[in-house]
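For reference, the structure discussed in these notes is given below.
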(Lines of atoms letter the chains of each structure in order from A and count residues from 1; the text may use other names and numbers.)
(Lines give C-alpha, C1' and ligand atoms only; values in the text may rest on other atoms or scores of the structure.)
Protein backbone atom coordinates (compact mmCIF):
# COMPACT_ATOMS: atom_id res chain seq x y z
CA UNK A 1 0.00 0.00 0.00
CA UNK A 2 1.03 3.65 -0.46
CA UNK A 3 1.17 5.77 2.70
CA UNK A 4 1.86 9.51 2.19
CA UNK A 5 4.01 11.58 4.55
CA UNK A 6 5.45 15.07 4.34
CA UNK A 7 8.92 14.12 5.61
CA UNK A 8 10.55 10.78 6.37
CA UNK A 9 13.75 10.36 8.39
CA UNK A 10 15.62 7.09 7.83
CA UNK A 11 17.78 6.15 10.82
CA UNK A 12 17.06 6.50 14.52
CA UNK A 13 20.48 7.36 15.90
CA UNK A 14 21.01 10.70 17.64
CA UNK A 15 21.31 12.53 14.29
CA UNK A 16 18.03 11.16 12.94
CA UNK A 17 16.23 11.63 16.25
CA UNK A 18 17.40 15.25 16.48
CA UNK A 19 16.28 15.95 12.93
CA UNK A 20 12.85 14.37 13.49
CA UNK A 21 12.46 16.25 16.77
CA UNK A 22 13.44 19.49 15.05
CA UNK A 23 10.90 18.89 12.28
CA UNK A 24 8.18 18.21 14.86
CA UNK A 25 9.09 21.46 16.65
CA UNK A 26 8.77 23.29 13.32
CA UNK A 27 5.29 21.89 12.82
CA UNK A 28 6.20 19.53 9.99
CA UNK A 29 4.58 16.06 10.02
CA UNK A 30 7.40 13.52 10.11
CA UNK A 31 7.90 9.77 10.24
CA UNK A 32 11.13 8.21 11.53
CA UNK A 33 12.13 4.70 10.45
CA UNK A 34 14.65 2.63 12.44
CA UNK A 35 15.58 -0.93 11.50
CA UNK A 36 16.65 -1.92 15.03
CA UNK A 37 14.27 -2.67 17.89
CA UNK A 38 15.29 0.53 19.68
CA UNK A 39 16.40 4.04 18.84
CA UNK A 40 19.80 5.48 19.73
CA UNK A 41 22.23 3.69 17.43
CA UNK A 42 25.60 3.30 19.14
CA UNK A 43 24.35 5.17 22.21
CA UNK A 44 23.60 2.28 24.53
CA UNK A 45 23.37 2.21 28.33
CA UNK A 46 23.07 -1.23 29.93
CA UNK A 47 22.46 -2.27 33.55
CA UNK A 48 24.23 -5.48 34.55
CA UNK A 49 24.82 -6.87 38.04
CA UNK A 50 24.11 -3.49 39.60
CA UNK A 51 26.51 -1.61 37.29
CA UNK A 52 25.45 0.94 34.68
CA UNK A 53 27.63 0.49 31.61
CA UNK A 54 27.91 2.95 28.72
CA UNK A 55 28.76 0.99 25.59
CA UNK A 56 28.91 3.97 23.23
CA UNK A 57 29.72 7.60 24.04
CA UNK A 58 30.71 7.99 27.68
CA UNK A 59 29.71 11.64 28.10
CA UNK A 60 28.83 14.73 26.09
CA UNK A 61 29.53 18.46 26.11
CA UNK A 62 26.38 20.45 26.93
CA UNK A 63 25.82 22.71 23.91
CA UNK A 64 23.07 25.32 24.06
CA UNK A 65 20.87 23.32 21.68
CA UNK A 66 21.35 20.15 23.71
CA UNK A 67 20.46 21.91 26.95
CA UNK A 68 17.28 23.31 25.36
CA UNK A 69 16.25 19.82 24.25
CA UNK A 70 17.06 18.36 27.66
CA UNK A 71 14.91 21.00 29.35
CA UNK A 72 12.04 20.51 26.89
CA UNK A 73 12.10 16.76 27.52
CA UNK A 74 12.05 17.22 31.29
CA UNK A 75 15.49 15.67 31.75
CA UNK A 76 17.24 18.60 33.45
CA UNK A 77 16.93 17.07 36.92
CA UNK A 78 18.51 13.84 35.65
CA UNK A 79 21.52 15.63 34.15
CA UNK A 80 24.86 14.82 35.76
CA UNK A 81 27.94 17.03 35.39
CA UNK A 82 31.47 15.76 35.83
CA UNK A 83 33.96 17.84 37.75
CA UNK A 84 35.81 19.84 35.04
CA UNK A 85 38.92 19.67 37.24
CA UNK A 86 38.95 15.86 37.12
CA UNK A 87 42.49 14.90 36.10
CA UNK A 88 43.21 13.12 32.85
CA UNK A 89 46.19 10.82 32.50
CA UNK A 90 48.61 9.60 29.85
CA UNK A 91 50.46 6.31 30.22
CA UNK A 92 54.20 6.86 29.81
CA UNK A 93 56.86 4.36 30.71
CA UNK A 94 54.20 2.13 32.26
CA UNK A 95 53.09 4.85 34.70
CA UNK A 96 50.08 7.17 34.62
CA UNK A 97 51.04 10.83 34.48
CA UNK A 98 48.56 13.73 34.64
CA UNK A 99 47.92 15.71 31.46
CA UNK A 100 48.91 19.36 31.99
CA UNK A 101 45.75 21.49 31.77
CA UNK A 102 47.35 24.91 32.37
CA UNK A 103 50.56 26.77 31.42
CA UNK A 104 52.08 26.32 34.92
CA UNK A 105 51.32 22.59 34.80
CA UNK A 106 52.92 22.43 31.37
CA UNK A 107 56.15 23.82 32.77
CA UNK A 108 56.35 21.20 35.52
CA UNK A 109 54.97 18.09 33.77
CA UNK A 110 57.21 15.06 33.43
CA UNK A 111 55.33 13.99 30.29
CA UNK A 112 57.47 16.20 28.05
CA UNK A 113 61.18 16.87 27.81
CA UNK A 114 62.52 20.42 28.30
CA UNK A 115 63.09 20.76 24.54
CA UNK A 116 59.50 19.72 23.75
CA UNK A 117 58.16 22.18 26.33
CA UNK A 118 60.30 24.95 24.86
CA UNK A 119 59.07 24.27 21.33
CA UNK A 120 55.46 24.29 22.51
CA UNK A 121 55.84 27.49 24.52
CA UNK A 122 57.66 29.36 21.72
CA UNK A 123 55.38 28.26 18.86
CA UNK A 124 53.62 31.64 18.99
CA UNK A 125 56.84 33.38 17.95
CA UNK A 126 57.36 31.24 14.84
CA UNK A 127 54.61 32.25 12.43
CA UNK A 128 53.98 29.89 9.53
CA UNK A 129 51.53 29.39 6.68
CA UNK A 130 49.68 26.11 6.14
CA UNK A 131 50.45 24.23 2.92
CA UNK A 132 48.04 24.64 0.02
CA UNK A 133 47.28 20.91 -0.07
CA UNK A 134 45.47 18.86 2.56
CA UNK A 135 47.77 18.02 5.48
CA UNK A 136 47.59 15.16 7.96
CA UNK A 137 47.31 15.82 11.68
CA UNK A 138 50.66 14.10 12.18
CA UNK A 139 52.46 16.22 9.58
CA UNK A 140 50.96 19.38 11.06
CA UNK A 141 52.02 18.58 14.63
CA UNK A 142 55.51 17.49 13.58
CA UNK A 143 55.91 20.71 11.59
CA UNK A 144 54.63 23.00 14.34
CA UNK A 145 55.57 21.24 17.58
CA UNK A 146 57.81 18.25 16.89
CA UNK A 147 57.64 14.46 17.09
CA UNK A 148 57.55 14.22 20.88
CA UNK A 149 54.32 16.18 21.29
CA UNK A 150 52.74 14.14 18.49
CA UNK A 151 53.58 10.77 20.01
CA UNK A 152 53.01 11.66 23.67
CA UNK A 153 49.88 13.83 23.60
CA UNK A 154 48.31 14.34 20.18
CA UNK A 155 48.23 10.76 18.86
CA UNK A 156 46.54 9.41 22.03
CA UNK A 157 44.06 12.30 21.91
CA UNK A 158 43.25 11.49 18.27
CA UNK A 159 42.66 7.87 19.30
CA UNK A 160 40.30 9.06 22.03
CA UNK A 161 38.23 11.30 19.76
CA UNK A 162 38.24 9.52 16.40
CA UNK A 163 39.92 6.15 17.13
CA UNK A 164 41.96 7.40 14.20
CA UNK A 165 45.45 7.37 12.76
CA UNK A 166 47.03 10.86 12.88
CA UNK A 167 49.11 9.98 9.81
CA UNK A 168 45.87 9.69 7.81
CA UNK A 169 43.46 12.13 9.49
CA UNK A 170 43.00 15.44 7.69
CA UNK A 171 43.74 18.45 9.89
CA UNK A 172 41.31 20.65 7.93
CA UNK A 173 38.46 18.17 8.31
CA UNK A 174 39.12 16.68 11.76
CA UNK A 175 40.45 19.80 13.52
CA UNK A 176 39.46 22.76 11.33
CA UNK A 177 39.95 25.31 14.11
CA UNK A 178 43.69 24.56 14.35
CA UNK A 179 44.01 24.97 10.58
CA UNK A 180 42.15 28.29 10.69
CA UNK A 181 44.31 29.59 13.53
CA UNK A 182 47.49 28.97 11.56
CA UNK A 183 45.92 30.45 8.44
CA UNK A 184 44.77 33.61 10.22
CA UNK A 185 47.40 34.12 12.92
CA UNK A 186 50.36 32.03 11.76
CA UNK A 187 50.32 30.21 15.10
CA UNK A 188 48.05 27.82 16.97
CA UNK A 189 48.95 29.27 20.38
CA UNK A 190 48.47 32.83 19.12
CA UNK A 191 45.14 31.86 17.55
CA UNK A 192 43.93 30.23 20.76
CA UNK A 193 44.83 33.33 22.76
CA UNK A 194 43.29 35.77 20.26
CA UNK A 195 40.09 33.72 20.04
CA UNK A 196 39.45 33.75 23.78
CA UNK A 197 36.65 36.03 24.92
CA UNK A 198 37.66 38.82 27.35
CA UNK A 199 35.78 37.02 30.10
CA UNK A 200 36.26 33.40 29.24
CA UNK A 201 33.42 31.15 30.32
CA UNK A 202 34.40 28.28 32.60
CA UNK A 203 35.24 25.11 30.71
CA UNK A 204 31.91 23.25 30.31
CA UNK A 205 31.57 20.10 32.33
CA UNK A 206 31.13 16.81 30.55
CA UNK A 207 27.65 15.47 31.15
CA UNK A 208 25.65 12.26 31.32
CA UNK A 209 22.28 11.23 32.74
CA UNK A 210 21.41 9.45 35.95
CA UNK A 211 20.07 6.47 33.97
CA UNK A 212 22.71 6.63 31.23
CA UNK A 213 23.10 8.65 28.04
CA UNK A 214 20.56 6.42 26.29
CA UNK A 215 17.92 8.23 28.39
CA UNK A 216 18.19 11.13 25.93
CA UNK A 217 17.42 8.89 22.95
CA UNK A 218 14.59 7.09 24.76
CA UNK A 219 13.00 10.41 25.72
CA UNK A 220 13.27 11.74 22.17
CA UNK A 221 11.66 8.56 20.86
CA UNK A 222 8.88 8.68 23.44
CA UNK A 223 8.25 12.35 22.67
CA UNK A 224 7.81 11.46 18.99
CA UNK A 225 5.30 8.73 19.85
CA UNK A 226 3.78 6.93 16.87
CA UNK A 227 5.98 8.94 14.51
CA UNK A 228 8.83 6.56 15.39
CA UNK A 229 8.68 3.12 13.75
CA UNK A 230 11.26 0.61 14.99
CA UNK A 231 11.85 -2.72 13.27
CA UNK A 232 11.37 -1.09 9.87
CA UNK A 233 14.02 -1.32 7.15
CA UNK A 234 14.12 1.01 4.16
CA UNK A 235 15.23 -0.99 1.13
CA UNK A 236 15.21 1.59 -1.66
CA UNK A 237 14.42 5.20 -2.48
CA UNK A 238 13.28 6.46 -5.86
CA UNK A 239 11.97 9.75 -7.18
CA UNK A 240 8.40 10.04 -8.39
CA UNK A 241 5.73 12.60 -9.24
CA UNK A 242 2.32 12.84 -7.64
CA UNK A 243 -0.24 15.53 -8.45
CA UNK A 244 2.42 17.39 -10.41
CA UNK A 245 4.72 17.54 -7.37
CA UNK A 246 8.12 15.90 -7.16
CA UNK A 247 8.25 13.38 -4.34
CA UNK A 248 9.97 10.20 -3.22
CA UNK A 249 8.84 6.61 -3.10
CA UNK A 250 10.32 4.52 -0.29
CA UNK A 251 10.15 0.77 -0.26
CA UNK A 252 10.27 -0.59 3.27
CA UNK A 253 10.10 -3.92 5.05
CA UNK A 254 8.16 -4.21 8.31
CA UNK A 255 7.76 -7.56 10.06
CA UNK A 256 8.56 -9.29 6.78
CA UNK A 257 5.91 -7.37 4.85
CA UNK A 258 6.80 -5.05 1.97
CA UNK A 259 5.23 -1.61 1.98
CA UNK A 260 5.60 1.63 0.05
CA UNK A 261 5.71 5.13 1.51
CA UNK A 262 5.67 8.44 -0.33
CA UNK A 263 7.20 11.64 1.01
CA UNK A 264 7.92 15.16 -0.16
CA UNK A 265 11.25 15.17 1.67
CA UNK A 266 13.56 12.36 2.74
CA UNK A 267 16.34 12.72 5.30
CA UNK A 268 18.85 9.86 5.31
CA UNK A 269 20.45 9.63 8.77
CA UNK A 270 22.19 6.25 8.47
CA UNK A 271 25.91 5.53 8.26
CA UNK A 272 27.38 6.57 4.88
CA UNK A 273 27.79 3.06 3.49
CA UNK A 274 24.14 2.20 4.19
CA UNK A 275 23.12 5.57 2.75
CA UNK A 276 25.07 4.84 -0.42
CA UNK A 277 23.32 1.50 -0.93
CA UNK A 278 19.93 3.04 -0.20
CA UNK A 279 20.44 5.91 -2.63
CA UNK A 280 21.90 3.83 -5.46
CA UNK A 281 18.53 3.89 -7.24
CA UNK A 282 18.54 7.70 -7.09
CA UNK A 283 22.10 7.93 -8.45
CA UNK A 284 24.92 5.34 -8.47
CA UNK A 285 27.30 8.21 -7.67
CA UNK A 286 25.97 8.28 -4.11
CA UNK A 287 27.31 4.79 -3.53
CA UNK A 288 30.74 5.46 -5.03
CA UNK A 289 31.11 8.78 -3.19
CA UNK A 290 29.95 7.62 0.24
CA UNK A 291 32.01 4.41 0.00
CA UNK A 292 35.16 6.57 0.10
CA UNK A 293 34.51 7.42 3.76
CA UNK A 294 36.44 5.02 5.95
CA UNK A 295 35.54 3.76 9.41
CA UNK A 296 37.57 2.67 12.43
CA UNK A 297 36.53 -0.53 14.22
CA UNK A 298 36.42 -0.25 18.00
CA UNK A 299 35.99 -2.80 20.78
CA UNK A 300 34.43 -1.60 24.03
CA UNK A 301 34.99 -3.52 27.26
CA UNK A 302 33.02 -2.36 30.31
CA UNK A 303 34.17 -3.91 33.57
CA UNK A 304 33.25 -3.74 37.24
CA UNK A 305 35.61 -4.47 40.13
CA UNK A 306 35.57 -4.44 43.90
CA UNK A 307 37.31 -1.33 45.15
CA UNK A 308 39.86 -3.34 47.13
CA UNK A 309 41.01 -5.03 43.90
CA UNK A 310 42.35 -1.74 42.53
CA UNK A 311 45.83 -0.66 43.54
CA UNK A 312 45.53 2.78 41.91
CA UNK A 313 43.26 5.56 43.28
CA UNK A 314 41.57 5.82 39.83
CA UNK A 315 40.20 9.26 40.68
CA UNK A 316 39.66 11.35 37.59
CA UNK A 317 38.46 11.09 34.02
CA UNK A 318 40.65 8.20 32.91
CA UNK A 319 43.72 7.69 30.75
CA UNK A 320 44.94 7.39 27.17
CA UNK A 321 47.72 5.17 25.87
CA UNK A 322 50.36 6.22 23.31
CA UNK A 323 51.14 3.51 20.75
CA UNK A 324 54.78 3.58 21.90
CA UNK A 325 53.69 1.86 25.15
CA UNK A 326 53.13 -1.35 23.18
CA UNK A 327 49.59 -2.01 24.45
CA UNK A 328 46.46 -2.73 22.41
CA UNK A 329 44.41 -0.73 24.90
CA UNK A 330 43.63 2.77 23.57
CA UNK A 331 42.36 4.17 26.84
CA UNK A 332 39.95 3.85 29.73
CA UNK A 333 37.21 6.03 31.21
CA UNK A 334 36.70 5.81 34.98
CA UNK A 335 32.91 6.09 34.95
CA UNK A 336 32.28 5.62 38.67
CA UNK A 337 34.74 8.41 39.45
CA UNK A 338 33.03 10.79 37.02
CA UNK A 339 29.35 10.18 37.75
CA UNK A 340 27.35 8.76 40.66
CA UNK A 341 25.19 5.66 40.29
CA UNK A 342 27.53 3.81 37.94
CA UNK A 343 28.61 1.10 40.40
CA UNK A 344 27.29 -0.46 43.62
CA UNK A 345 28.76 0.59 46.95
CA UNK A 346 32.33 -0.63 47.36
CA UNK A 347 32.88 -1.21 43.64
CA UNK A 348 34.22 0.73 40.65
CA UNK A 349 33.29 0.82 36.98
CA UNK A 350 35.65 1.31 34.01
CA UNK A 351 35.04 1.45 30.26
CA UNK A 352 37.97 0.51 28.03
CA UNK A 353 38.53 0.97 24.30
CA UNK A 354 40.77 -0.96 21.95
CA UNK A 355 41.30 -1.43 18.24
CA UNK A 356 40.79 1.70 16.18
CA UNK A 357 42.40 2.63 12.89
CA UNK A 358 45.87 1.67 14.15
CA UNK A 359 44.86 -1.84 15.32
CA UNK A 360 41.79 -2.92 13.31
CA UNK A 361 42.62 -6.63 13.60
CA UNK A 362 41.73 -6.66 17.29
CA UNK A 363 38.01 -6.45 16.51
CA UNK A 364 38.27 -9.71 14.55
CA UNK A 365 38.95 -11.62 17.78
CA UNK A 366 36.21 -13.20 19.87
CA UNK A 367 34.59 -11.21 22.65
CA UNK A 368 36.29 -13.37 25.28
CA UNK A 369 39.70 -12.88 23.66
CA UNK A 370 39.17 -9.12 23.50
CA UNK A 371 38.02 -8.97 27.12
CA UNK A 372 41.01 -11.00 28.30
CA UNK A 373 43.49 -8.78 26.44
CA UNK A 374 41.92 -5.52 27.56
CA UNK A 375 41.32 -6.42 31.21
CA UNK A 376 44.79 -7.95 31.40
CA UNK A 377 46.41 -4.74 30.17
CA UNK A 378 44.16 -2.65 32.40
CA UNK A 379 45.23 -4.74 35.39
CA UNK A 380 48.85 -3.93 34.65
CA UNK A 381 48.18 -0.20 34.48
CA UNK A 382 45.93 0.10 37.55
CA UNK A 383 47.53 -2.69 39.60
CA UNK A 384 44.32 -4.72 39.66
CA UNK A 385 44.27 -7.98 41.60
CA UNK A 386 42.00 -10.60 40.04
CA UNK A 387 39.39 -10.64 37.26
CA UNK A 388 36.44 -8.24 37.08
CA UNK A 389 33.29 -9.23 38.96
CA UNK A 390 31.35 -8.52 35.76
CA UNK A 391 32.17 -7.43 32.23
CA UNK A 392 30.44 -6.64 28.96
CA UNK A 393 31.92 -6.45 25.47
CA UNK A 394 30.72 -4.74 22.30
CA UNK A 395 32.46 -4.82 18.93
CA UNK A 396 31.69 -2.03 16.48
CA UNK A 397 33.13 -2.86 13.03
CA UNK A 398 32.30 0.68 11.87
CA UNK A 399 32.43 2.66 15.09
CA UNK A 400 33.64 6.08 13.98
CA UNK A 401 33.94 7.73 10.55
CA UNK A 402 37.47 8.71 9.63
CA UNK A 403 37.96 12.29 8.46
CA UNK A 404 41.01 11.25 6.49
CA UNK A 405 43.01 13.13 3.87
CA UNK A 406 40.67 14.06 1.02
CA UNK A 407 37.59 14.14 3.25
CA UNK A 408 36.90 17.75 2.27
CA UNK A 409 36.76 16.82 -1.42
CA UNK A 410 34.40 13.94 -0.63
CA UNK A 411 32.12 16.33 1.27
CA UNK A 412 32.15 18.84 -1.61
CA UNK A 413 31.23 16.13 -4.12
CA UNK A 414 28.51 14.86 -1.80
CA UNK A 415 27.10 18.35 -1.35
CA UNK A 416 26.83 18.75 -5.13
CA UNK A 417 25.12 15.37 -5.41
CA UNK A 418 22.54 16.18 -2.73
CA UNK A 419 21.86 19.59 -4.30
CA UNK A 420 21.02 17.84 -7.57
CA UNK A 421 18.17 15.93 -5.87
CA UNK A 422 15.64 18.45 -4.48
CA UNK A 423 13.98 17.18 -1.34
CA UNK A 424 16.83 14.86 -0.34
CA UNK A 425 18.88 15.61 2.77
CA UNK A 426 21.67 13.86 4.68
CA UNK A 427 22.69 14.06 8.31
CA UNK A 428 25.09 11.98 10.37
CA UNK A 429 28.37 11.81 12.23
CA UNK A 430 30.45 11.64 9.04
CA UNK A 431 29.54 15.17 7.94
CA UNK A 432 30.53 17.78 10.52
CA UNK A 433 31.78 15.93 13.59
CA UNK A 434 31.12 12.69 15.49
CA UNK A 435 30.26 14.09 18.94
CA UNK A 436 26.72 13.98 20.32
CA UNK A 437 26.55 17.77 20.31
CA UNK A 438 27.73 17.99 16.69
CA UNK A 439 25.21 15.34 15.59
CA UNK A 440 22.36 17.20 17.31
CA UNK A 441 23.35 20.47 15.63
CA UNK A 442 23.57 18.75 12.23
CA UNK A 443 20.14 17.19 12.75
CA UNK A 444 18.61 20.56 13.58
CA UNK A 445 20.24 22.21 10.56
CA UNK A 446 18.81 19.47 8.35
CA UNK A 447 15.35 20.06 9.85
CA UNK A 448 15.52 23.77 9.04
CA UNK A 449 16.74 22.99 5.51
CA UNK A 450 13.74 20.69 5.06
CA UNK A 451 11.39 23.45 6.20
CA UNK A 452 12.91 25.90 3.70
CA UNK A 453 12.53 23.35 0.93
CA UNK A 454 8.92 22.49 1.75
CA UNK A 455 8.02 26.17 2.08
CA UNK A 456 9.55 26.98 -1.30
CA UNK A 457 7.80 24.09 -3.05
CA UNK A 458 4.46 25.03 -1.49
CA UNK A 459 4.89 28.62 -2.67
CA UNK A 460 5.84 27.46 -6.16
CA UNK A 461 2.80 25.18 -6.24
CA UNK A 462 0.47 28.01 -5.22
CA UNK A 463 1.93 30.32 -7.85
CA UNK A 464 1.47 27.64 -10.51
CA UNK A 465 -2.24 27.36 -9.71
CA UNK A 466 -2.89 31.12 -9.85
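In the working numbering, the protein residues as written are 317 to 782.
Glycine included, each C-beta is placed from N, C-alpha and C at the ideal position.
{"query": "Proximity of residue 634 and residue 650 at Cβ, strictly below 8 angstroms", "result": "yes"}
{"query": "Beta-carbon proximity list for residue 392, same chain, < 7 angstroms, skipping 5 on both sides", "result": "386"}
{"query": "Length of the line joining the Cα atoms of residue 340 and residue 346", "result": "7 angstroms"}
{"query": "Same chain, Cβ closer than 7 angstroms to residue 601, five either side skipped, listed in chain order", "result": "733"}
{"query": "Among 367, 736, 694, 660, the one whose alpha carbon lies nearest that of residue 669", "result": "694"}
{"query": "Where residue 773 falls: helix, strand or coil (DSSP)", "result": "helix"}
{"query": "Cβ shell of residue 317 (< 8 angstroms), same chain only, five flanking positions each side left out", "result": "For residue 317, the predicted structure reports a pLDDT of 42, less than 50, and the residue's modelled location is therefore unreliable. The matter cannot be settled from this model."}
{"query": "Beta-carbon proximity of residue 609 to residue 704, cut-off 8 angstroms", "result": "no"}
{"query": "Integer Cβ distance of residue 443 from residue 502, believed to fall under 8 angstroms", "result": "3 angstroms"}
{"query": "Opposing strand residues paired with residue 565 [DSSP bridges]", "result": "554, 578"}
{"query": "Nearest-angstrom Cα separation, counted from residue 348 out to residue 543", "result": "6 angstroms"}
{"query": "Through-space distance from residue 327 to residue 782, alpha-carbon basis", "result": "The predicted position of residue 782 is uncertain, since its pLDDT is 45 and thus under 50; no value can be drawn from it."}
{"query": "CA nearest to the CA of residue 354, picked from 702, 549, 750", "result": "549"}
{"query": "Nearest neighbour of residue 439, chosen from 739, 461, 456, 427 [CA to CA]", "result": "461"}
{"query": "Candidates 563, 648, 545, of which the one nearest residue 352 by Cα", "result": "545"}
{"query": "Whole-number beta carbon distance between residue 521 and residue 658, since they are thought to touch under 8 angstroms", "result": "The pair is not a contact, with the Cβ atoms about 16 angstroms apart (cut-off 8 angstroms)."}
{"query": "Cα-Cα separation, residue 499 to residue 569", "result": "50 angstroms"}
{"query": "Every unbroken beta strand (DSSP E) within the segment 396 to 447, with a cutoff of 3 residues, ordered by chain", "result": "404 to 408, 411 to 414"}
{"query": "Alpha-carbon spacing of residue 637 relative to residue 737, whole angstroms", "result": "45 angstroms"}
{"query": "Proximity winner among 454, 469, 765, 490, relative to residue 407 (alpha-carbon distances)", "result": "469"}
{"query": "Short Cβ contact (8 angstroms threshold) for residue 619 with residue 666", "result": "yes"}
{"query": "Element boundaries [alpha helix (DSSP H), containing residue 501]", "result": "492 to 501"}
{"query": "Span of the beta strand (DSSP E) around residue 788", "result": "The structure shown does not extend to residue 788, since the chain is modelled only from 317 through 782, so no value can be given for it."}
{"query": "Coarse secondary structure for residue 621, derived from DSSP in three states", "result": "strand"}
{"query": "Other residues of its chain near residue 324: CB distance less than 8 angstroms, five sequence neighbours each side excluded", "result": "346, 347, 348, 349, 564, 566, 577, 579, 581, 582, 583"}
{"query": "Local conformation of residue 639 per DSSP, three classes", "result": "helix"}
{"query": "Under the three-state DSSP convention, the category residue 468 falls into", "result": "helix"}
{"query": "CA-to-CA distance, residue 754 to residue 378, given in whole angstroms", "result": "11 angstroms"}
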